[in-house]
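Taking it in order: structure first as structure tokens, then the write-up.
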Amino acid sequence: GYALTGLRTLIKTEHNILVHTVATVIVIALGWWRGLSTVKWCIILGVIALVWICEAFNTALERLCDMITREQHPVIKQVKDVSSGAVLIAAILAVIVGILVFFS
Numbered sequence: 009g010y011a012l013t014g015l016r017t018l019i020k021t022e023h024n025i026l027v028h029t030v031a032t033v034i035v036i037a038l039g040w041w042r043g044l045s046t047v048k049w050c051i052i053l054g055v056i057a058l059v060w061i062c063e064a065f066n067t068a069l070e071r072l073c074d075m076i077t078r079e080q081h082p083v084i085k086q087v088k089d090v091s092s093g094a095v096l097i098a099a100i101l102a103v104i105v106g107i108l109v110f111f112s
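With positions in the sequence shown counted from 1, the corresponding number in this note's numbering is that position plus 8.
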């Protein structure tokens, strides 16, 4: 349905998804190798999902903004910048959580 089409679009069109995919595979492999507890798996999978969700919303907002206008507009720029900032916050959180989970 629509959800799978959206995921396919995200994967096919967004370069950053490749980075997130590589990071996801590495973290899951490392978690499997380290034998993480159920609680730690829930934490790790939660922050991975958060990053992917933020990236999906960022992509959706960027596409919507592009439909409104392709011309430079200060408000559209702010929307895109704030949306990208949310992805950055989620990614930084994921790194911090990963360090805490794997090294404590």
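Here a beta-carbon is modelled for each residue, glycine too, at the ideal position from N, C-alpha and C.
- Residue ranges of each alpha helix (DSSP H) within the segment 11-89, 4 or longer: Listed in chain order, they are 23-42 and 46-76.
- C-beta contact flag for V59 and A11 at 8 Å: Going by beta carbons, V59 and A11 fall outside the 8 Å limit.
- Query: What do you reckon, is the C-beta of H81 under 7 Å from a heavy atom of the ligand SAM?
  - Reply: The ligand SAM is not part of the structure shown, which contains no ligands of any sort.
- Message: Rounded to whole angstroms, what is the Cα-Cα separation between E79 and K85?
- Response: Between the alpha carbons of E79 and K85 lies a gap of roughly 10 Å.
- Query: Apart from the five residues just before and just after I6, which ones in its own chain have a Cβ nearer than 6 Å to its Cβ?
  - Reply: What is shown of the chain runs 9 to 112, which leaves residue 6 out entirely.
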